[in-house]
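Numbering (the UniProt record's numbering), first residue to last: 1 to 736. Backbone N, C-alpha and C fix where the C-beta goes; we use that ideal spot for every residue, glycine too.
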């Protein structure tokens with residue numbers, strides 16, 4: 001651990017030379033900038049821009065700034081020493097005592113407004129970001145790097161440096177309170193965040209700053225490829241690179257594959273994860289997604305706004321995704337506290353705002369989605385929360401199997417319809433709905449017709465869209481950090497996760513969290529009686545021949561063609577798009593494929609699988625309720641049964657509770673052996689509520705079911721031309 005002096009060290013010779021010119025800089029900033037411009041342009045990583053280090057007192061800005069300046073061979077400017085004290089002819093502490101807190105901030109801001117530099121490393125004071133005008137002035141010619149140090153570490157450093165007062169401190173206000181208060185200002189201004197744990201050396205922080213600035217300046221490195229593209233094809237197609245904003249808008253790759261980041265996901269160091277142990281869910285999401293989404297696609301400030309909107313008031317639990325102890329070494333990750341009561345809300349409260357930000361303003365967009373139950377209402381709810389101007393140019397059409405979802409799920413999807421969001425029941429199963437949407441996207445004649453005739457482009461909101469997966473990675477990482485924070489395990493100890501799995505998106509997100517550095521040992525794939533994934537993971541043989549979809553009590557995993565499995569196969573096949581293409585062409589044409597032995601061995605290092613019968617599902621719900629008073633939904637019960645069979649009890653296991661039991665009231669009432677089961681969904685929920693269950697009946701479902709007109713929706717045959725007709729009718733009604 002390095003020691004940070006409260007007063008900065010003297011600067012190296014080059015910087016002593018630059019200090020002699022600061023008075024000229026303050027009095028004639030334009031002239032000074034012109035003098036230095038040509039000299040430093042070749043010495044700076046960012047040309048004529050400044051690297052501006054920001055953070056709380058004790059973050060190490062001065063020390064790190066000096067090291068960065070040495071590495072770049074450019075001037076280093078410490079605002080305390082070189083701007084404020086030069087301007088005031090007194091020390092900063094004397095000025096603070098002389099004028100008081102409020103006036104000090106104003107005087108400090110005025111001094112910074114007169115300051116100008118180019119091609120330099122600038123270390124701000126801890127209070128500079130609290131003055132809006134001066135920060136706007138600094139950002140015009142600089143990249144602001146936030147040294148994000150945990151508050152506990154800062155407190156320890158300030159105590160060791162015997163710092164007993166900072167700007168804003170007064171009787172009755174603790175140092176900790178001030179540091180927490182200031183975070184809102186740091187978050188407002190930064191372009192780049194650098195996580196700095198307690199034991200990290202200043203030299204390492206400086207390297208991280210340089211790496212972060214390089215990333216900021218090189219957005220062209222963060223491109224996406226199709227799971228079905230060949231390496232030779234990629235090198236020939238560099239002029240048509242896809243970036244995050246492109247893949248959000250397009251959804252499905254033109255060749256029928258799924259988009260994945262060409263360089264993979266970022267890896268967090270152990271110290272970086274540890275710095276997030278005490279963070280809130282929103283703070284963890286912000287840090288992780290900043291590293292996965294380049295600021296050229298979504299700047300950090302906009303991303304923070306989107307995350308705050310998604311999770312700020314729309315979730316009933318302040319922890320967003322709490323981890324609850326169930327029994328023994330089993331823990332539940334509760335993913336049902338969003339407005340539509342399923343894990344889909346984590347992505348679909350965010351994706352509409354990401355989508356609205358990324359798409360061009362010159363075109364209308366129709367978002368198509370296929371659902372096996374939970375996705376539909378989550379998509380409809382999420383897109384209906386857009387600003388009115390965005391709802392005028394973005395509409396949603398949700399296709400669901402008319403007889404393949406629970407009665408409450410259907411009522412919820414119909415009840416979530418708004419002026420820009422509609423549901424269509426299809427007389428078939430989910431696999432037909434999903435396949436139909438993929439065919440529509442790859443039908444260039446039809447999509448071209450919609451664009452030319454109606455000025456409308458199509459987009460996808462299923463988990464085939466990359467933006468759907470990223471928010472799910474967050475909650476798997478957050479669950480692990482919560483176990484560490486609760487003292488269940490030390491950081492670095494492994495956990496297993498067990499996830500009810502249909503389309504493979506949720507379990508893929510857990511695998512991505514593992515790739516990013518979360519110590520997940522095994523991902524347990526839990527299937528119901530539609531157990532094609534269980535067979536595949538055990539044998540490497542994906543065989544749909546002769547299989548018919550079986551309607552079950554857990555409809556969200558009533559899926560035979562798992563779309564996101566393609567992304568995982570692309571990953572373990574070392575990005576061999578030709579092999580993935582071969583496998584999926586064989587699946588589409590012959591109904592099966594066999595994974596080669598070496599890939600199966602790789603797969604089985606990550607995954608194990610089991611399945612659960614309908615009887616065992618209901619029995620698990622009854623057993624858990626009888627012993628704990630807690631009600632599992634049917635999907636979580638599937639995972640609980642499989643976890644009981646496959647876990648070895650040598651480490652904790654986190655079971656993803658993917659939906660609230662309220663969505664499946666008839667099955668729950670049957671499992672609890674309640675004889676009187678009313679047919680009306682609202683009556684069923686009221687009956688359940690009378691048992692004072694844990695957790696309580698979901699408020700959002702109750703409110704949706706109370707609305708009138710829940711029976712009104714369109715139904716169509718399992719025919720591609722009929723689906724296309726519905727799409728055109730919607731476009732004409734909404735956009736024309």
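Chain-order list of residues whose beta-carbon lies under 7 Å from that of residue 569 (same chain, five-residue window excluded)
Here the set comprises 580, 583.
Please confirm if the stretch 353-365 is in contact with the stretch 426-442, defined as three or more CB-CB distances below 8 Å between the two stretches.
Under the 8 Å Cβ criterion, the stretch 353-365 does not count as touching the stretch 426-442, having fewer than three qualifying pairs.
Per DSSP, cross-strand counterpart(s) of residue 742:
Because residue 742 is not part of the residues shown, which for the chain are 1 to 736, the question remains open.
If you measure between the beta carbons of residue 426 and residue 398, is that distance less than 7 Å?
Contact: no.
Quick one: grab the DSSP three-state call for residue 525.
Judged by DSSP in its simplified three-state form, residue 525 adopts strand.
How would you write the range of the beta strand (DSSP E) that residue 125 sits in, first residue to last?
For residue 125, there is no enclosing beta strand (DSSP E), as DSSP marks it with neither H nor E.
So residue 504 and residue 564 are in contact, right, with Cβ under 8 Å, and what is the actual spacing, rounded?
Here residue 504 really is in contact with residue 564; their C-beta atoms are around 4 Å apart, less than 8 Å.
Could you check if residue 36 is buried or exposed, using at least 16 other CB atoms within 10 Å of its CB as the buried criterion?
Caution is warranted here: a pLDDT of 36 is assigned to residue 36, below 50, making its placement in the model unreliable, and no coordinate value can be reported.
Is the number of C-beta pairs between the stretch 48-66 and the stretch 113-126 that are closer than 8 Å three or more?
Touching, yes.
Would you call the CB atoms of residue 473 and residue 285 closer than 7 Å?
No; because the gap between Cβ atoms is not below 7 Å, this pair is not in contact.
Which of the three DSSP states is assigned to residue 500 in this structure?
The answer is strand: DSSP assigns residue 500 an E or B state.
Three-state class that DSSP yields for residue 349 in the structure shown
Reduced to three states, the DSSP call for residue 349 is coil.
Which one or two residues does DSSP pair with residue 656 in a beta bridge?
Bridge partners of residue 656 according to DSSP: 333.
Taking the alpha carbon of residue 613 as the reference point, which residue from 634, 85, 105 has its own alpha carbon closest?
Out of 634, 85, 105, 634 has the C-alpha closest to the C-alpha of residue 613.
In chain order, what are the residue ranges of uninterrupted beta strand (DSSP E) at least 3 long that sit wholly in the stretch 81-167?
For the stretch 81-167, whole beta strand (DSSP E) runs of length 3 or above, ordered along the chain, are 121-123, 142-148.
Helix, strand or coil for residue 481 per DSSP?
In the structure shown, residue 481 adopts helical secondary structure according to DSSP, grouped into three states.
Which residue wins for smallest C-alpha separation from residue 546, given the options 532, 539, 476?
That would be 532, whose Cα lies nearest to the Cα of residue 546.
For the beta strand (DSSP E) that residue 716 lies in, which residues bound it at each end?
For residue 716, the enclosing beta strand (DSSP E) has its first and last residue at 714-716.
Since residue 677 and residue 666 should fall inside the 8 Å C-beta cutoff, what is the C-beta to C-beta distance between them, to a whole number of angstroms?
Correct: roughly 6 Å between the Cβ atoms.
Sub-7 Å separation of residue 117 and residue 50 beta-carbons:
The beta carbons of residue 117 and residue 50 sit closer together than 7 Å.
Where does residue 735 fall in DSSP's three states?
Three-state DSSP puts residue 735 in a helix.
C-beta atoms of residue 524 and residue 641 nearer than 7 Å
Not in contact: residue 524 and residue 641 (Cβ atoms no closer than 7 Å).
Of the choices 98, 103, 138, whose alpha-carbon is the least far from that of residue 112?
It is 138 whose Cα lies nearest to the Cα of residue 112.
Which runs of the beta strand (DSSP E), 3 residues or longer, sit entirely within the stretch 177-202?
Secondary structure within the stretch 177-202: the beta strand (DSSP E) runs of 3 or more consecutive residues, fully enclosed, are 192-195 (chain order).
Which full runs of the alpha helix (DSSP H) of 4+ residues lie inside the UniProt domain "Threonine synthase N-terminal" (239-311), going along the chain?
Those alpha helix (DSSP H) runs which fall completely within the UniProt domain "Threonine synthase N-terminal" (239-311) and span 4+ residues are 244-250, 270-274, 281-292, 300-311.
Using CA coordinates, which residue listed in 69, 321, 288 is at the minimum distance from residue 657?
Measuring from the Cα of residue 657, the nearest candidate turns out to be 321.
At which residue ranges does the stretch 361-419 contain complete beta strand (DSSP E) runs of 3 or more residues, listed in the order of the chain?
You should have 364-370, 394-401.
Can we say the stretch 391-409 touches the stretch 365-375, given the rule of at least three CB pairs closer than 8 Å?
Contact between the stretch 391-409 and the stretch 365-375 is present, because at least three Cβ pairs lie under 8 Å.
Given this structure, state the Cα-to-Cα distance separating residue 187 from residue 337, to the nearest angstrom.
Rounded to the nearest angstrom, the two C-alpha atoms are 26 Å apart.
Are the CB atoms of residue 555 and residue 715 nearer to each other than 7 Å?
When the beta-carbon positions are compared, residue 555 and residue 715 stay at least 7 Å from each other.
With a threshold of 7 Å on Cβ separation, who are the neighbours of residue 420 within its own chain once the five nearest residues in sequence on each side are excluded?
So the qualifying residues of the chain are 383, 384, 391, 394, 395, 396, 734.
With burial defined as no fewer than 16 other Cβ atoms inside 10 Å of the residue's Cβ, what is the status of residue 453: buried or exposed?
Burial state of residue 453 is exposed, judged by a 10 Å Cβ sphere holding fewer than 16 other Cβ atoms.
Residue 145 vs residue 77 beta-carbon contact at 7 Å:
No. Outside cutoff.
Decide if the stretch 143-159 is in contact with the stretch 211-231; the criterion is three or more beta carbon pairs, one per stretch, under 8 Å apart.
Enough Cβ pairs lie closer than 8 Å, so yes.
In the DSSP assignment, find the beta strand (DSSP E) that holds residue 425 and state where it starts and stops.
Going by DSSP, residue 425 is part of the beta strand (DSSP E) stretching over 421-426.
Look at the Cβ atom of residue 651, then the Cβ atom of residue 497, and state whether they are nearer than 7 Å.
For residue 651 and residue 497, no; Cβs fall outside 7 Å.
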